[in-house]
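Down below is the structure, laid out as structure tokens.
4 protein chains.
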Amino acid sequence: MNSFGTIFRLTTFGESHGAAIGGVIDGVPAGVAIDVERVQRELDRRRPGQSRLTTSRRESDTVRLLSGIMNGVSLGTPIGFVIENEDHHSDDYQQLASAFRPSHADYAYTAKYGLRDHRGGGRSSARETAARVVGGAIARQVLETVGVDVYAYTSAVGPVTLQGGYEQQDRRLIDSNPARCPDEAVAARMIEVIDAARRDGDTVGGVVTGVITGVPAGLGEPVFDKLQARLAAAMMSINAAKGFDYGMGFAGCRKRGSEVNDPFMIDSATGRVTTATNHSGGIQGGISIGTDIYFNVAFKPVATLMRPVETIDNEGNKIVLEPRGRHDPCVLPRAVPVVEAMAAMTILDMLLINRSRRL
Amino acid sequence: MNSFGTIFRLTTFGESHGAAIGGVIDGVPAGVAIDVERVQRELDRRRPGQSRLTTSRRESDTVRLLSGIMNGVSLGTPIGFVIENEDHHSDDYQQLASAFRPSHADYAYTAKYGLRDHRGGGRSSARETAARVVGGAIARQVLETVGVDVYAYTSAVGPVTLQGGYEQQDRRLIDSNPARCPDEAVAARMIEVIDAARRDGDTVGGVVTGVITGVPAGLGEPVFDKLQARLAAAMMSINAAKGFDYGMGFAGCRKRGSEVNDPFMIDSATGRVTTATNHSGGIQGGISIGTDIYFNVAFKPVATLMRPVETIDNEGNKIVLEPRGRHDPCVLPRAVPVVEAMAAMTILDMLLINRSRRL
Amino acid sequence: MNSFGTIFRLTTFGESHGAAIGGVIDGVPAGVAIDVERVQRELDRRRPGQSRLTTSRRESDTVRLLSGIMNGVSLGTPIGFVIENEDHHSDDYQQLASAFRPSHADYAYTAKYGLRDHRGGGRSSARETAARVVGGAIARQVLETVGVDVYAYTSAVGPVTLQGGYEQQDRRLIDSNPARCPDEAVAARMIEVIDAARRDGDTVGGVVTGVITGVPAGLGEPVFDKLQARLAAAMMSINAAKGFDYGMGFAGCRKRGSEVNDPFMIDSATGRVTTATNHSGGIQGGISIGTDIYFNVAFKPVATLMRPVETIDNEGNKIVLEPRGRHDPCVLPRAVPVVEAMAAMTILDMLLINRSRRL
Amino acid sequence: MNSFGTIFRLTTFGESHGAAIGGVIDGVPAGVAIDVERVQRELDRRRPGQSRLTTSRRESDTVRLLSGIMNGVSLGTPIGFVIENEDHHSDDYQQLASAFRPSHADYAYTAKYGLRDHRGGGRSSARETAARVVGGAIARQVLETVGVDVYAYTSAVGPVTLQGGYEQQDRRLIDSNPARCPDEAVAARMIEVIDAARRDGDTVGGVVTGVITGVPAGLGEPVFDKLQARLAAAMMSINAAKGFDYGMGFAGCRKRGSEVNDPFMIDSATGRVTTATNHSGGIQGGISIGTDIYFNVAFKPVATLMRPVETIDNEGNKIVLEPRGRHDPCVLPRAVPVVEAMAAMTILDMLLINRSRRL
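In order, the protein sequence lines correspond to chains C, U, H and E.
Position 278 of the first sequence, counted from 1, bears residue number 263 in our numbering, the numbering being contiguous throughout.
Position 176 of the second sequence, counted from 1, bears residue number 161 in our numbering, the numbering being contiguous throughout.
Position 121 of the third sequence, counted from 1, bears residue number 106 in our numbering, the numbering being contiguous throughout.
Position 322 of the fourth sequence, counted from 1, bears residue number 307 in our numbering, the numbering being contiguous throughout.
Below is the structure:
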């Protein structure tokens, strides 16, 4: 179950403090130019230690692509890749060998498998998402050849919320600040909230908004693989995700149909069918209709606090965990490239599946 | 892609106005007592025409189980079933043959397949969810043998919201009113909102809350098949669903870690590990921890209005659709058993998968 | 696991003596003309009681297609179908409730599931293959639109073997005799062998040869889903199949490379790449090369003898089974349409998958 | 499609002359002791250059396991692994950049993907099977904990055939000679045949027999995933495989039912159900019955001859390929560990799936 997708499929492996993480990207169409350096650049956006907002762990996170590409072009064969682990402070984790940290996966993994790699979360660590970013960086390059683009940004951190829909944001500003929020003023307030949490040895959650443009009409499969169902699964599989909605989302469901139905019209520029409004979020009946897809993903505050925490160990004894290691006070900025990666892989998979729906 | 699940798998077929709908339920463990009448009763809860809140279409929706059960016990072989379609007012739909109704699947299906069954939504009709209820009714009976229980209720309709978490509701009251809200006073207000919408030829959306109790710790698969990812996909595959969150959900993501972490403790009654609070919603690291799982699903207002609607046809001409046929002003009450069915099937599938994780 | 295929996928259900058998055909491309009567005609070729060579059971085996087709054209949605069971002589099977018939599935199912439907083999009955023929009849019609054709014939019954490769046979004669062997003289000897076996209350096995023409180059997926691997799985999933080989097969593996390598050449008529010989059987490296695909499937003699048989019951007691019911003395003629169906579904699935391999 | 299996699943990547090959082994149950050195030893049995019968290429084929194992015990998480490629004589392959070698995958890959890695076969090289051996070596260790054992041997090379069934062979002698045939005299004749072929710049094929003991009754899934169907797919996915049969196989299908039915009896030693004979090959109705499973896999002669070969290039021009590089004259001895690996992975997958068939 460490695979994602049907035709375009990413399989990942690796514990955070084992030898390496990596994966296999299967189903890349043949003959697509792949820029390996762009893959590394995407990975750098997710890397720890990139700003003061994120963990001070420094990992170079260098990806090595091992197959499936020759002379800069995809062969149609699987792309294997490895990212070596390098920053092993395993001693930091010794006290965790028998502890169940609150709201971590420690107890869950032990209950499931009878044992676990306690070092830094092992398989449950968000480090696994680096492999997703590699897969997404490949998917994105394939999608670009058919005009599909994917981006995401931080739209809420704690009580600070970016007002206005995605169409009111200046996408070029997203990476201009460490919060990855396209509004500089709002970003500054988000950074304050994160800094305040860190000073308190605390953490804070928020929301990432994702946008997919240029999706051709017709992607998504009735009935169980509706495009929104696939996107939801993709996003909710990211560590710390607690919620997903798309289009008008939760808020729109409180309204009347007459307020949120999207009238069809002919786009005068292209002559193609489009809608006057887009409460639908680019998907109707589980299938893309050619308008922008947009969605939100809620991420909980990081569970690891930098303060003493009472909990129990695997024998039920009460213990106190002392703060140790280096941790993000807020996962949101680094979640942005992961959301993008999952969106890109989802859309590419559905695009490839859709090619078999008509002869 | 008309299949759901890995080991326990439902495959469905059928257009709303074709000969029949139905499906195949694969992976039911052998030797489980199956009460066929309970399957029909579950189906009756989803049936149209059951109250004044729902469409006046009357369909008996009688399910016929064709295989996989002998002498009231599952054989381990697939259970095929058929529900005949009977209430064909296809004439009602003649004007829809070439129309793209706003926020319906008409245009999407045409874009994808090049043609569509225009009668009543065809495959995109929520009638397909009847097959899910059958699958869920079987899954539920299997789950009961291991102590897992699933229920859901309407927690919001338009602006009316049920206050308090699931643990504050009296489950026995859910089916006591046509809104399927466990608080009679709130239910009455929901009914008013629905009635008002109908009087206006309009519709209204809302939220269903689902609860799963008795889930053993250990269900859910890292990393892409986290339990919440599977639940999200299940719920977002239901017609009209626009959002999903679980545990503390979107609201909890605005908080600090210190506010929402769930301290571990030993349950004095059972001697087992549990948590003092349950912001996690019963899942940590993608894996159940033995506490209650709870989640919300947002449903948009029904797209079919009972008033003239301007739109375009498949040649781009502007047309006006006159209201015709019989439609729900609010899908929430009938969505409740569908949410339950999808939850039951998801949990059973994960439970069966988990049996292979240790020898 | 009652599903076959990835994109084009057949899911079946049904016990031989339950209410009905049937299935769901998913992944049929939209917009293909489907001749429903041809589906029934294919089914008639598999039907029991069609000649004196086969069982005297008479079942009309009428298929009812319930969805996925409108006005004779596929909608792209799943095609559900049901074949009612009608010829219930369940009394014939009463003595089998606790018996383990030699070389039947009785013991195997009991060991797996703890119980079984003993009536006529239940799920293990070859009656299930009727559902495959329906799926194959749909697949075949889709394949015809791209020029792919599938046929099969009986090439051996007991010691009688048809000499010469498929290219030396007159395909039009296959259905001209009850043995389904394209050589009338050989067919007559096969019929003698079958008649002799029946007179002795015995049974006899044989070989079916399958041929697929018009397959475009490029079908088949490295590395685990090589075209021959998929074909082998398809054929070996048919009841009573004991062996599969393709191209030069077992015999060719005794030879030297210089004897069996296929020289490439340009077909002067088409200007396309082809081979001077076809020991490869139309597949190289797991991928079709555009030449004819041919293969053999060995079927064991039917296990049910019409003579008293010593065996044990489910408590280990020795018992003698008296011959009862009506059974084929030789499965080969009726296996021919099943082999064709499995081949057609396999090729169509690979053809649809292949559409995603280049953008 | 570079994945094999459902619950226990191997995914592989890598071209023969790229940076590395490797894979991900998913679904290993947690808590199983894994001897990493045994994995390497299995790999050494497949390694080129191990005897004069095989290619003189020398590759150390050192596997590096990157995850999923801690302190010698499986974590239940995926085991990633890499085998670096090292013996790059890419110059040897320059003439192959545009050539279509007879009975190789060159043309097939070009037809499918529009381009190919021509160096040493790229993805179509049998080098990929090294990754299978790694997966098989892990599966084997899991299977041993439940008493299942797998082995294989060379039973035919060209015209030389080992007489007698597997139960008449001394398994301990298999690895005592480079032919991997358990009969020393027959092995000597096989070696002569291989040497003679090599002297002629030619190659020769043969048959590997596989045996699986200790399989519990109940493995295998009706109807499409019968145990023999899964085994056939596994074996036919190995490079150069042309045929598969099991139990009495092709030969037994020429006989009468009375000759090959297996009478049930109670094993006096164990008190369990068994059969007096085993023409069934340990499988009935697609499900294991607890007796030995045995099967044959036919491998064609290696297509690469060490003599000038006429063929065409990708523009249709006639060309002559000069012999170059180093190649096996016979693949059989090195196919033995691959057959074992595929058998082990197939059985383990079915064993894990079967755990969900009863509660």
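Every residue, glycine too, gets a C-beta built ideally from N, C-alpha and C.
None of these values were measured; they are calculated from a predicted model.
ask   = At least one CB of chain C closer than 8 Å to the CB of aspartate 313 of chain U: is that the case?
value = Not an interface residue.
ask   = If you measure from the beta carbon of alanine 5 of chain E to each beta carbon in chain C, is any gap under 8 Å?
value = Yes, alanine 5 of chain E counts as interfacial toward chain C.
request  = Report all residues from its chain with a CB closer than 7 Å to the CB of valine 142 of chain E; omit the five preceding and five following residues, and keep chain order.
outcome  = Ala164, Met175, Val178, Ile179, Val189, Gly191, Cys315 and Leu317, listed in sequence order.
Among C/Thr47, C/Asn281 and C/Pro293, the one whose alpha carbon lies nearest that of leucine 147 of chain C = Per the Cα distances, C/Asn281.
key: glycine 120 of chain E (DSSP reduced to helix, strand or coil)   = Under the three-state reduction of DSSP, glycine 120 of chain E is assigned to helix.
Residues, ordered as in the chain, of the stretch 219 to 236 of chain H that lie near chain C by beta-carbon distance below 7 Å = Going along the stretch 219 to 236 of chain H in chain order, one finds no residue with a Cβ nearer than 7 Å to chain C.
message = Can you tell me whether lysine 211 of chain U is helix, strand or coil according to DSSP?
response = DSSP, reduced to helix, strand and coil, places lysine 211 of chain U outside both helices and strands of the structure shown, so it counts as coil.
inquiry  = For alanine 96 of chain H and alanine 202 of chain E, I'd like the C-alpha separation in whole angstroms.
reply    = Near 6 Å, if we compare the C-alpha coordinates of alanine 202 of chain E and alanine 96 of chain H.
message = Please tell me whether alanine 137 of chain H and valine 324 of chain H are closer than 8 Å, where the distance is taken between their beta carbons.
response = Closer than 8 Å, so yes.
inquiry  = So, with DSSP's three-state summary, where would you put leucine -5 of chain U?
reply    = Assigned with DSSP and collapsed to three states, leucine -5 of chain U falls in strand.
request  = Determine, using beta carbons only, whether glycine 242 of chain H comes closer than 8 Å to chain E.
outcome  = Taking 8 Å as the CB threshold, glycine 242 of chain H lines the interface with chain E.
inquiry  = What does the alpha-carbon distance come out to for the pair methionine 291 of chain E and threonine -4 of chain H?
reply    = Cα-Cα distance, rounded: 48 Å.
message = Using C-beta distances below 7 Å, list every residue in its chain close to alanine 15 of chain E, excluding the 5 sequence neighbours before and after it, in chain order.
response = Once the five neighbours on either side are set aside, the close Cβ partners of alanine 15 of chain E are Ser59, Leu60 and Gly61.
query = Should threonine 255 of chain E be labelled buried (16 or more other beta-carbon atoms within 10 Å of its own) or exposed?
reply = When all chains shown are included, threonine 255 of chain E counts as exposed.
Within 8 Å of chain C by C-beta, residues of the stretch 57 to 90 of chain E in sequence order = The stretch 57 to 90 of chain E vs chain C, Cβ under 8 Å: Val58, Leu60, Gly61, Thr62, Pro63, Ile64, Gly65 and Val67.
Residues that DSSP places opposite arginine 241 of chain E in a beta bridge = DSSP output for arginine 241 of chain E lists H/Val189 as bridge partner(s).
query = Along the chain, where does the beta strand (DSSP E) that runs through arginine 340 of chain U open and close?
reply = Secondary structure note for arginine 340 of chain U: it is in no beta strand (DSSP E), with a DSSP letter that is neither H nor E.
message = Contact between the stretch 243 to 253 of chain C and the stretch 49 to 57 of chain C is defined here as three or more beta-carbon pairs at a separation below 8 Å; is this criterion met?
response = No, because fewer than three Cβ pairs between the stretch 243 to 253 of chain C and the stretch 49 to 57 of chain C fall closer than 8 Å, the two stretches do not touch.
query = Does DSSP put lysine 290 of chain C in a helix, a strand or coil?
reply = Going by the sequence as given, residue 290 of chain C is leucine instead of lysine. Leucine 290 of chain C: coil per DSSP, three-state reduction.
message = Using a Cβ-Cβ distance cut-off of 8 Å, determine whether tyrosine 92 of chain C contacts chain E.
response = So, not an interface residue.
query = Along chain E, in chain order, which residues have C-beta atoms closer than 9 Å to that of glycine 12 of chain U?
reply = The contact set of glycine 12 of chain U on chain E, defined by CB atoms closer than 9 Å, consists of Ser341 and Arg342 in chain order.
key: Any chain H beta carbon closer than 8 Å to glycine 190 of chain U   = At least 8 Å separates the CB of glycine 190 of chain U from every CB of chain H.
request  = Determine which residues share a DSSP beta bridge with serine 59 of chain C and list them.
outcome  = According to DSSP, which records beta bridges pairwise, serine 59 of chain C is partnered with C/Ile54.
request  = Below 7 Å CB to CB, which residues in the same chain sit around arginine 31 of chain C once its five sequence neighbours on both sides are set aside?
outcome  = Result list for arginine 31 of chain C: Thr114, Ala115, Val118, Arg319, Pro322 and Val323, in chain order.
inquiry  = Just to make sure I have the definition right: I need the residues of chain U whose C-beta is within less than 7 Å of the C-beta of methionine 55 of chain H. Which are they?
reply    = Simply Asp102.
key: Spatial neighbours of tyrosine 151 of chain H in its chain, beta-carbon cut-off 7 Å, leaving aside the 5 residues before and after   = Apart from the 5 residues on each side of it in sequence, tyrosine 151 of chain H sits with its Cβ closer than 7 Å to the Cβ of Thr194, Val196 and Tyr279 in its chain, given in chain order.
request  = Identify which residue in H/Ala182, H/Met330 and H/Ala236 has its Cα closest to the Cα of glycine -10 of chain H.
outcome  = Nearest neighbour of glycine -10 of chain H by Cα position, chosen from H/Ala182, H/Met330 and H/Ala236, turns out to be H/Met330.
query = Among residues of its own chain, excluding the 5 on either side of isoleucine 304 of chain C, which ones have a beta-carbon nearer than 8 Å to its beta-carbon?
reply = When the five nearest sequence neighbours on each side are left out, the beta carbons in the same chain lying within less than 8 Å of the beta carbon of isoleucine 304 of chain C are those of Ala84, Glu295, Thr296, Ile297 and Asp298, in order along the chain.
key: Local Cβ density within 10 Å of glutamate 27 of chain C, reported as buried at 16 or more and exposed below that   = A residue is called buried when at least 16 other Cβ atoms come within 10 angstroms of its Cβ; glutamate 27 of chain C meets this threshold and is buried.
ask   = Name the residues in the stretch 19 to 49 of chain C whose C-beta lies less than 9 Å from a C-beta of chain E; which are they?
value = Listed by position, the residues of the stretch 19 to 49 of chain C near chain E (Cβ gap below 9 Å) are Arg49.
task = Using a Cβ cut-off of 8 Å, pull out every chain C residue sitting near isoleucine 332 of chain H, in sequence order please.
result = Using a Cβ-Cβ cut-off of 8 Å, isoleucine 332 of chain H is close to nothing in chain C; its nearest Cβ partner there is about 13 Å away.
key: Interface positions of the stretch 206 to 217 of chain U facing chain C (Cβ-Cβ less than 9 Å), listed along the chain   = From the stretch 206 to 217 of chain U, only Glu206, Pro207, Val208, Phe209, Asp210, Lys211, Gln213, Ala214, Arg215, Leu216 and Ala217 have a Cβ closer than 9 Å to chain C.
query = Are the C-beta atoms of glycine 186 of chain H and some chain U residue less than 8 Å apart?
reply = False, the Cβ-Cβ gap to chain U never drops below 8 Å.
request  = Measure the C-alpha to C-alpha separation of leucine 212 of chain H and proline 144 of chain C and round it to an integer number of angstroms.
outcome  = Distance from the CA atom of leucine 212 of chain H to the CA atom of proline 144 of chain C, rounded to whole angstroms, is 56 Å.
query = Relative to the C-alpha of isoleucine 223 of chain H, which residue among H/Ser109, H/Arg156 and H/Arg239 is closest?
reply = Closest option to isoleucine 223 of chain H, Cα to Cα, is H/Ser109.
key: Closer than 8 Å to chain H by CB, proline 144 of chain E   = By this cut-off, proline 144 of chain E is an interface position.
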